[in-house]
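S.K.: Below are the structure tokens for one structure; questions will follow.
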Amino acid sequence: MIEYDVVIVGGGLAGSRAAVEIARLDPSLSIAVVAKTHPIRSHSVAAQGGMAATLKNVDETDSWEAHAFDTVKGSDYLADQDAVAILTQEAPDVVIDLEHMGVLFSRLADGRIAQRAFGGHSHNRTCYAADKTGHAILHELVNNLRRYGVHIYDEWYVMRLILEEGQAKGLVMFRIRDGELAVVRAKAVMFATGGYGRVYNTTSNDYASTGDGLAMTAAAGLPLEDMEFVQFHPTGLYPAGVLISEAVRGEGAYLINSEGERFMQRYAPSRMELAPRDITSRSIAREIRAGRGIHLDGSAGGPFVHLDVRHLGRDKIMSRIPFAWEESHRLAGVDAVHEPIPVRPTVHYSMGGIPVNTEGQVRSSAEGLVAGFFAAGETACVSVHGANRLGSNSLLECVVYGRRTGAAIARYVQNRKLPDLNEQDYLEQAKQQIQALIDRPGQYRIAEIRQAFQDCMTEHCGVFRTEALMKEGLEQIKILQQQAEQVYLDDKGTLFNTELIEALELQSLLIVGEMILTGALNRQESRGAHAREDFPDRDDTNFLQHTLAYYSPAGIEIRYMPVNITMFQPQERKY
Ligand SMILES: Cc1cc2nc3c(=O)[nH]c(=O)nc-3n(C[C@H](O)[C@H](O)[C@H](O)COP(=O)(O)OP(=O)(O)OC[C@H]3O[C@@H](n4cnc5c(N)ncnc54)[C@H](O)[C@@H]3O)c2cc1C
146 MIEYDVVIVG GGLAGSRAAV EIARLDPSLS IAVVAKTHPI RSHSVAAQGG MAATLKNVDE
206 TDSWEAHAFD TVKGSDYLAD QDAVAILTQE APDVVIDLEH MGVLFSRLAD GRIAQRAFGG
266 HSHNRTCYAA DKTGHAILHE LVNNLRRYGV HIYDEWYVMR LILEEGQAKG LVMFRIRDGE
326 LAVVRAKAVM FATGGYGRVY NTTSNDYAST GDGLAMTAAA GLPLEDMEFV QFHPTGLYPA
386 GVLISEAVRG EGAYLINSEG ERFMQRYAPS RMELAPRDIT SRSIAREIRA GRGIHLDGSA
446 GGPFVHLDVR HLGRDKIMSR IPFAWEESHR LAGVDAVHEP IPVRPTVHYS MGGIPVNTEG
506 QVRSSAEGLV AGFFAAGETA CVSVHGANRL GSNSLLECVV YGRRTGAAIA RYVQNRKLPD
566 LNEQDYLEQA KQQIQALIDR PGQYRIAEIR QAFQDCMTEH CGVFRTEALM KEGLEQIKIL
626 QQQAEQVYLD DKGTLFNTEL IEALELQSLL IVGEMILTGA LNRQESRGAH AREDFPDRDD
686 TNFLQHTLAY YSPAGIEIRY MPVNITMFQP QERKY
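Going by my numbering, the sequence shown opens with residue 146, and the numbers climb by one from there.
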């Protein structure tokens, strides 16, 4: 059996930052990072616009309290304010630390780290490396994993969390190259498995963002928190859905409808294009619904609006947002120096996730904690984003809470023994599970079920939601779950069997989708990214609380957990 003091699933920003922290604090600990991609291909590498921190390099009047208030207001008051205070207080320190590791941030003329405007932030506080910030940070972190001797299992797929008597003991994984199965036991297990954008048919996320960590946690009987809050990024490139960074609006881009109007003046007059994402996405969706979207031939009534950067000029476009120009050119044939970019909302980020405390330890209920189990990053819900995340707060969360969780794990494993578990049992079960998938005489293809599921989620649990729509969606998902039991695999082999991985990922997607829909159906109010047309107002009396959803194949049970309100009392949210 493979044994480590700590095993971390996920080599993105959160997992890598945690591993570096553990190695720094106690070099004697053995640490493994397992990832189904190469760590550098984690979705973090695609992050573009930047990372918020009150360095005060551009705006001396900024403060962590202002950052905390913006975050809480942006969250529609659902964020836990103790967690937000930590996030915003520790932000400058983690940025400087990344800089010392070698991350090349963009600079002001005097050499200090530059900071740009971002949606929902009241001051210019987003640090960036042009519009390739995730690339700059993740490369340095992964270099540091190697430097600190962290063991990397890249292209290993984790298929099960081993949880016995309320304690996480390890995991079951297989090597994608040759199908070799392995059980890992460890004193602490950490999930940093990222988001689930692939639950929807149009997303900015990579193909690996299938919510495996969420599904494994739910399947083990542990709750997931606030899954109904799905972030739609306002500016996905039409039709591909890939991201045109918010940095583009941070640098001054306009959103324009078919009438040539900067329509955000009707929805968020004080913040215009830099309103938070939930409000901006809904505004675009409303314009398109009202017939003020645009067609590719330029006529009215189409499926997108325009993002216009022409007034910024070639020099600014090429130096500050070169990647946005390149993407528009490559994927939509648009030269943004001369033409507006076609955009519409695209699924981008998961506000909910595996519930954790501010030390990254996973919760088993509103009061209880799971021994030996930790999580951080997009897959976790600590909850700093509540019902709506502000741009550039996610990279920050990964690094602040990656570091804190790493430190908590380094303390946790001291003087602990490796847990006992029966390796053979777990190997045998995994072998049977895989064999059963391969042997199925089924009649459905993975791609057709996945497409039907993604279309169902997009149609029934999108930007706007109603009870009738969601109930219908849940019924369709039940049918799709039965059909997924009958998928047929062409590839029966063990070498790079990517079809098998897609079959396992499909199971993750279906569980996560059902959790999102059920949470959304039960939350009879509109808050942040969750917009119910049948309950258009926020309802603090009944729903100023976190959803905790417990999965079982028989059905999902919904409970609630109080919100931590220490600094800012809920107010009406206006921009
Ligand atoms: C296009 C894009 C741009 C963004 N830009 C910004 C930005 O400018 N600022 C900002 O703050 N946020 C941004 N975000 C959000 C932010 O990048 C992510 O939330 C964050 O990087 C997530 O990091 P993570 O470490 O939690 O997970 P990820 O980076 O997604 O890593 C997940 C890891 O888990 C592994 N994994 C998953 N499942 C398994 C499994 N079953 N077995 C083994 N390994 C597994 C993967 O291989 C991967 O290594 C952006 C997101 C996108 C999609």
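Every residue gets a Cβ at the ideal spot worked out from N, C-alpha and C, and that includes glycine.
So, with DSSP's three-state summary, where would you put residue 266?
M.R.: coil
S.K.: Tell me the rounded alpha-carbon separation between residue 340 and residue 303.
M.R.: 15 Å
S.K.: Over the uninterrupted beta strand (DSSP E) stretch that includes residue 695, give me the two end residues.
M.R.: 690-695
S.K.: With DSSP as the reference, label residue 176 as helix, strand or coil.
M.R.: strand
S.K.: Report the option in 358, 344, 350, 343 whose CA atom is closest to the CA atom of residue 335.
M.R.: 358
S.K.: To the nearest angstrom, report how far apart residue 397 and residue 538 are at their CA atoms.
M.R.: Cα to Cα, residue 397 sits roughly 20 Å from residue 538.
S.K.: Which residues mark the beginning and the end of the beta strand (DSSP E) in which residue 381 is found?
M.R.: 375-382
S.K.: On the DSSP bridge list, what partners appear for residue 348?
M.R.: 492
S.K.: Please list the terminal residues of the continuous alpha helix (DSSP H) segment that includes residue 460.
M.R.: 459-465
S.K.: In whole angstroms, what separates the C-alpha of residue 685 from that of residue 553?
M.R.: 33 Å
S.K.: Kindly list the residues whose CB is nearer than 7 Å to the CB of residue 386, restricted to its own chain and excluding five residues on each side of it in sequence; keep chain order.
M.R.: 347, 348, 349, 491
S.K.: Out of 283, 471, 228, state which residue places its alpha-carbon closest to the alpha-carbon of residue 143.
M.R.: Because the chain is modelled from 146 through 720, residue 143 falls outside the range shown and cannot be assessed.
S.K.: Mapping the DSSP letters down to three states, classify residue 634 as helix, strand or coil.
M.R.: coil
S.K.: Can we say the segment 662-676 touches the segment 631-639, given the rule of at least three CB pairs closer than 8 Å?
M.R.: no
S.K.: Quick check on the burial criterion: 16 or more other C-beta atoms within 10 angstroms. Buried or exposed for residue 605?
M.R.: buried
S.K.: Per DSSP, what kind of secondary structure is residue 370 in: helix, strand or coil?
M.R.: strand
S.K.: With 16 as the cutoff for other CB atoms within 10 Å, does residue 188 come out buried or exposed?
M.R.: When all chains shown are included, residue 188 counts as buried.
S.K.: Anyone know if the C-beta pair for residue 575 and residue 543 falls short of 8 Å?
M.R.: no
S.K.: Relative to the C-alpha of residue 355, which residue among 625, 181, 621, 601 is closest?
M.R.: 181
S.K.: Taking the C-alpha atoms as reference points, what is the distance between residue 165 and residue 299?
M.R.: 17 Å
S.K.: Just the Cα atoms here: how many angstroms apart are residue 464 and residue 470?
M.R.: 10 Å
S.K.: Is it a yes or a no for the segment 389-409 touching the segment 516-534, going by three-plus beta-carbon pairs under 8 Å?
M.R.: Contact check between the segment 389-409 and the segment 516-534: fewer than three CB pairs, one atom from each, fall below 8 Å, which does not count as touching.
S.K.: From residue 443 to residue 265, what does the alpha carbon distance come to, in whole angstroms?
M.R.: 31 Å
S.K.: Quick one: give me the first and last residue of the beta strand (DSSP E) that residue 302 is part of.
M.R.: 301-309
S.K.: Please classify residue 376 as buried or exposed, where buried requires at least 16 other C-beta atoms within 10 Å of its C-beta.
M.R.: buried
S.K.: Which partner residues of residue 271 appear in the DSSP bridge assignment?
M.R.: 197, 261
S.K.: As an exercise, report each continuous beta strand (DSSP E) stretch of at least 3 residues that is fully enclosed by the segment 425-489, in chain order.
M.R.: 450-453
S.K.: Below 6 Å CB to CB, which residues in the same chain sit around residue 329 once its five sequence neighbours on both sides are set aside?
M.R.: 147, 152, 315, 316, listed in sequence order.
S.K.: May I have the straight-line CA-CA distance separating residue 454 from residue 439, to the nearest angstrom?
M.R.: The alpha-carbon atoms of residue 454 and residue 439 are separated by roughly 17 Å.
S.K.: Under 7 Å: does the beta carbon of residue 154 sit that close to some heavy atom of ligand 1?
M.R.: yes
S.K.: Examine ligand 1 and report whether any of its heavy atoms sits within less than 7 Å of the Cβ of residue 494.
M.R.: yes
S.K.: So, at 6 Å on beta carbons, what are the nonlocal neighbours of residue 408 in its own chain, with the 5 sequence-adjacent residues on each side left out?
M.R.: 402, 432
S.K.: Does the beta-carbon of residue 642, which I'm using as the reference point, lie nearer than 7 Å to any heavy atom of ligand 1?
M.R.: no
S.K.: According to DSSP, is residue 231 helix, strand or coil?
M.R.: Note: residue 231 maps to helix in three-state DSSP.
S.K.: Mapping the DSSP letters down to three states, classify residue 212 as helix, strand or coil.
M.R.: helix
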